[in-house]
Each structure stands twice: as C-alpha cells, then as structure tokens.
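Student: The sequence shown begins at 26 in my numbering and counts up one residue at a time. Just so you know, even glycine gets a beta-carbon here, dropped at the ideal spot from N, CA and C. Below: one structure in structure tokens.
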Amino acid sequence: MKRVIDLNPWEATHPVSQEKAKEKIERAFPHLQPVQVRPCGSGFDHTVYEVNGEFVFRFPRRQLGYEAMQFENRMLRSLVKLRFNGGFEYPRPVFYKESESEDYPYVGFSNIKGRVLTEKTDTDLLHQHAEELGAFLKNLHALPVDQVDADPDHLHRLSSKLRKKHFYEIAKESASVIPEPLYEKLKQYIEQLEEWENPAGTVPLHGDLHPKNMIVRDGRLVGIIDWGDAHIGHPAADLSIGFACMSKAVRAEFFEAYGDIDARTEELARFKAVFIMTVLVRYAANTNDEDVLRWGLAGLEKSLE
C-alpha cells in the first residue's frame with residue numbers, strides 16, 4: 026500500500042485533545058478508569074498521551090499517521106513474537122481500538138520511561154552508545170524476513186534520483202536557521218550528489234532512526250520508539266544514525282560493532298542522514314522547536330564532516 030502525501034506536512038487533520046483522549050480511552054477500556062492522561066507531545070504523524078503512568082496511547086493526526094500506526098503495530102507484534110532483545114527497550118502493543126465514526130483507530134503501548142533524546146542539550150550523548158547501537162541494529166537486521174510482518178520500501182527512501190529535487194527545496198526552506206558556512210556545505214553536498222535508484226531491500230528495519238525517536242533515562246539511551254516507518258529495506262536506512270549522531274572517530278566504533286559494510290552502504294547511510302537532518306531542521310523552523318533545531322544542526326555538521 027502506498028502512503029498518501031499530505032499537502033501540508035505538519036497539519037493535523039484529526040486532532041485529539043487531552044479531554045477527548047481521556048473520554049475515548051475510558052469508553053473503550055473501562056478497566057483503566059479512572060484514566061489519568063498526560064501529554065507526551067506530538068510528532069509528525071501522531072498525538073501522544075501517557076495514560077496512568079503505565080501506557081502510551083498514540084492517536085493518528087493525519088492519514089500518514091494512520092498508515093504509520095498500522096506499520097508500527099505489525100512490526101512491534103513481530104518483534105514480540107520473535108522475542109527480539111537487542112539491548113534497548115521498544116514499545117509492546119497492549120491496546121488497539123478500531124475507528125469510531127470518522128476518527129482513526131488508535132493504539133496503546135507499554136510506556137518506556139524517560140525523555141526524548143532531542144530534549145537533551147548534549148548532542149554527543151549517543152557517543153557512549155556507539156557499540157551498543159551497532160549491535161542493536163546488527164541483531165535487528167538479522168531477524169528472519171519471512172517471520173517479520175512488514176512491507177517492502179514502497180517510498181523508495183534511499184533513492185537520490187527520486188528525492189534530489191525535493192532535497193533542494195527542503196534545504197532552501199531551512200536556510201534561515203542554518204549558519205551560512207554549514208548551509209553552503211549542505212548545498213555543495215546536494216549539488217554533487219549522484220543520482221541513483223532505490224537499492225534492493227533485504228532486512229527488517231526501524232526505518233526512521235533519529236533523535237526524536239529515542240528515549241533517554243538517567244543520561245543514557247534506553248529505548249527506541251516510533252516504528253511507524255518499519256519496513257523491509259536496505260540496512261543503510263538505519264545505519265544513517267551513525268552519521269547523524271556520531272563524530273567520524275566514534276562512527277568507526279559503531280560500524281565495527283555492526284559488522285563489515287561496503288563503501289556504497291556508507292554512501293547511502295550518509296545520504297539518509299543528511300536528508301533526514303535537513304527535514305528535522307525544516308520541521309524545527311516551522312514549529313519553533315529549539316530542541317529539535319539544536320539536534321538537527323548538530324546532525325548536519327556530523328553527517329557532512
């Protein structure tokens with residue numbers, strides 16, 4: 026199934042207020058009453074609430090969010106079924122509610138306690154986890170494809186041929202918040218970018234591994250959330266985190282823990298890192314999110330060094 030591209034990338038076509046979320050959850054799952062709802066923030070696709078301190082409920086904000094929720098639910102159920110343990114926590118599906126009238130379905134997962142990585146000021150925080158993250162992805166990518174409920178990469182996430190023009194546009198929209206020397210380096214990277222088709226996909230992926238989808242507790246990375254872009258794809262899509270959040274020296278430790286990769290995979294991983302960090306910078310500029318901006322700019326610096 027192909028995902029529909031919304032005209033406004035940040036618009037919530039199906040907003041769910043805190044009061045509405047409480048009402049919906051109490052009606053659907055009366056055994057959770059009295060329901061205590063606390064906002065956990067909104068991402069690109071979902072509005073998220075912590076419920077009774079024990080669960081996290083995700084409500085799709087728009088069509089992309091609905092589709093991502095289905096992908097996420099399928100992938101996480103597969104990880105649970107396979108008893109996957111990669112060293113970091115991941116949400117466990119607990120509740121699922123079908124749609125009511127025109128509302129989207131919504132889900133409830135186990136709550137991974139902590140804060141989103143972007144809320145931390147130390148943009149080198151993942152350096153201490155280079156080997157752990159490499160091992161996590163090695164184990165994830167080694168799962169048997171025929172036992173993971175995930176689709177192929179219909180979005181062609183690693184196709185520079187498909188995304189180069191859009192890449193220019195995102196960079197231009199972000200120019201006002203990117204320091205000029207860094208912006209010139211970004212433009213040069215895009216201009217010199219070779220155009221290639223999407224590579225063949227062979228492994229199960231998280232698909233959207235960046236600082237907004239990582240949970241920190243007591244100064245350490247503990248969990249990986251938001252699996253809505255999970256798919257069967259090329260390892261570089263996940264390995265991009267080594268470029269986006271690690272310096273060149275630390276990146277070597279990350280790749281050593283993951284295992285041998287070729288130069289082409291490194292090139293693809295860098296491309297994904299530069300692209301997604303530029304997207305995060307644009308998001309931060311449009312939403313006045315200083316935390317995401319800090320990490321997005323740091324990620325551009327690292328991935329372009």
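1. Beta-carbon within less than 7 Å of D70's beta-carbon, same chain only, minus the 5 sequence neighbours each way: which residues are those?
2. Measure the CB-CB distance between K297 and A323 and report whether it falls below 8 Å.
3. I'd like to know whether the C-beta atoms of L264 and A294 end up nearer to each other than 8 Å.
4. Going by C-alpha to C-alpha distance, which of E330, G267, K237, R276 sits closest to E315?
5. If the criterion is Cβ atoms closer than 8 Å, does the pair L325 and V317 meet it?
6. Under the rule that 16 or more other beta-carbon atoms within 10 Å means buried, what is K27, buried or exposed?
7. State the DSSP-derived secondary structure class of P130, mapped to helix, strand or coil.
8. Relative to the C-alpha of E75, which candidate in V132, V105, K106 has its C-alpha closest?
9. Between the C-alpha atoms of S103 and V173, what's the straight-line distance to the nearest angstrom?
10. Going by Cα to Cα distance, which pick from R242, V62, L230 is closest to I266?
11. Considering just the uninterrupted stretch of the alpha helix (DSSP H) at R99, what are its terminal residues?
12. How would you write the range of the beta strand (DSSP E) that M271 sits in, first residue to last?
13. Determine the contact status of G139 and V247, defining contact as a CB-CB distance below 8 Å.
Tutor: So, to answer that:
1. As a position in the sequence shown, residue 70 is number 45, starting the count at 1. The residues are P85, R86, R87, L89, G90, A93, G253.
2. As a working mapping, residue 297 is identified with position 272 in the sequence shown. As a working mapping, residue 323 is identified with position 298 in the sequence shown. No, they are not a contact pair.
3. Walking along the sequence shown from the start, residue 264 turns up at place 239. Walking along the sequence shown from the start, residue 294 turns up at place 269. For L264 and A294, yes; Cβs fall inside 8 Å.
4. Along the sequence shown, read from residue 1 onward, the residue named residue 315 stands at position 290. Nearest option by C-alpha distance: K237.
5. Position 300 of the sequence shown, counting from 1, holds the residue named residue 325. Position 292 of the sequence shown, counting from 1, holds the residue named residue 317. Result no, Cβ atoms of L325 and V317 do not sit closer than 8 Å.
6. The residue given as residue 27 occupies position 2 in the sequence shown. Summary for K27: the model assigns pLDDT 35, below 50, so the residue's position carries little reliability, and this model does not support an answer.
7. Along the sequence shown, read from residue 1 onward, the residue named residue 130 stands at position 105. Residue state, collapsed to three classes: coil.
8. Stepping through the sequence shown from its first residue, residue 75 is reached at position 50. Among V132, V105, K106, the Cα nearest to that of E75 is on V132.
9. The residue you call residue 103 lines up with position 78 of the sequence shown. The residue you call residue 173 lines up with position 148 of the sequence shown. Going from the Cα of S103 to the Cα of V173 covers about 5 Å.
10. For the purposes of this step, residue 266 is identified with residue 241 of the sequence shown, where counting begins at 1. Cα-wise, what sits closest to I266 is L230.
11. As a working mapping, residue 99 is identified with position 74 in the sequence shown. Looking at the DSSP string, the run of the alpha helix (DSSP H) that includes R99 is 88-106.
12. As a working mapping, residue 271 is identified with position 246 in the sequence shown. Where M271 is concerned, there is no enclosing beta strand (DSSP E), given that its DSSP letter is neither H nor E.
13. Taking the sequence shown and counting its residues from 1, the one referred to as residue 139 is at position 114. Taking the sequence shown and counting its residues from 1, the one referred to as residue 247 is at position 222. Yes, the pair counts as a contact, with Cβ atoms nearer than the cut-off.
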